[in-house]
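Below: one structure, written as C-alpha cells.
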Amino acid sequence: MTRSERAYGAPRRSRGPRRALAALAAVVAGAALATGCGIRSTSVPVDAGAAPSRMPCRTASAEATTPPLPESVAVRVYLVCASQLVTVERTVEIDESRSAPLLVAQALLGELQREPDSDERRAGFSTDVPTGLRVSDAREGDPDGTLRLSEQPDDLPAEALAQVVCSYADNEPLGSRGSVLLGGPGKYAPRGYLCTSETKSRPGEVPTLGAVELS
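Numbering (this note's numbering), first residue to last: 734 to 948.
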C-alpha cells in the first residue's frame, strides 16, 4: 500500500452498477404492479374530455306513464338542467282538442313559471322564466299564429326565451316546423324564433327568422 493510500484510505469499490440494478428492479416492480391493477402506463397526456355532469336530468316520475284525466292533457315543457334545455312532462287541465291556441300557450307558460317540484330539483332542473310574464293573442294585422308577450322577447333572459320558444315550438297548435311567432307589447313586428338542437344544447342563443312584415 502506498503512502497516499494509507493517508486517504484505500479506494472504495464503485457502487454505480449496484445502484443501477436496484433502480431497474424498482421500475420493473412498479410496471408489474400497474399491469396487475389493469392500468396502462403512458408517457403522453391523455385528454379525457370534459368532466361528466353529476345531474341526472331525469326524474323518477318520468318512468311512470300515468294517463291524464279526461279534462286534462299531457304536455312537454323545457326546463334548464346542466346548462341545457331538457323536457319534462306536465299535465295541464285543458282539452287541447277543444281549446284555443292562446289557452294552450297560457297553460304552458304557467308550467314554465312554476317552481320545479322536489323530484325535479333533485334531478337538477330549474327555470328562468319570470313569474310576471304574460302571453296574449295576436293583434290586428299580425300574421296567423302570432303570440304577444308582455315583455319584448329579446329583452328576456336568454335561457328564459329559449324555454318559451322551444316549449311553444314543440307543442301544437302553437309551433310550426320548430319555430314560433312571438311579439312584444310594443309596435315592433313579431319575429320567428327557432328551436334547434343547438338552442337546446346552448340556450344562451336563440336564432330568429327576422321580423315578419305586418299586413
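Ideal Cβ placement from N, Cα and C applies to all residues, glycine included.
- Linking I827 to Q896 through their CA atoms gives a straight-line distance of about 21 Å.
- For L812, the uninterrupted beta strand (DSSP E) segment begins and ends at V806 to C814.
- A contact is defined here as three or more CB-CB pairs under 8 Å, and the region 874-891 meets this definition with respect to the region 904-915.
- Our two residues, E844 and C928, have alpha carbons roughly 18 Å apart in a direct line.
- Here V898 really is in contact with Y926; their C-beta atoms are around 4 Å apart, less than 8 Å.
- By the CB criterion at 7 Å, V808 and R823 fall inside the cutoff.
- In the three-state reduction of the DSSP assignment, R910 falls in the coil class, being assigned neither a helical nor a strand state.
- One alpha carbon belongs to V821, the other to G943, and they sit about 29 Å apart.
- For Q839, the secondary structure class from DSSP, reduced to helix, strand or coil, is helix.
- The beta-bridge partner set that DSSP reports for V819 consists of L812.
- Under DSSP, R872 shares a beta bridge with no residue.
- DSSP places T932 within a helical segment (H, G or I) once states are collapsed to three.
- In this structure, DSSP gives R924 an extended state, which the three-state scheme calls strand.
- In terms of Cα proximity to S805, the closest of V862, L818, G908 and A840 is A840.
- Beta-bridge partners assigned by DSSP to L882: V868.
- Taking all protein chains shown into account, E873 has fewer than 16 neighbouring C-beta atoms within 10 Å of its C-beta and is therefore exposed.
- DSSP, read as helix, strand or coil, puts V825 in strand.
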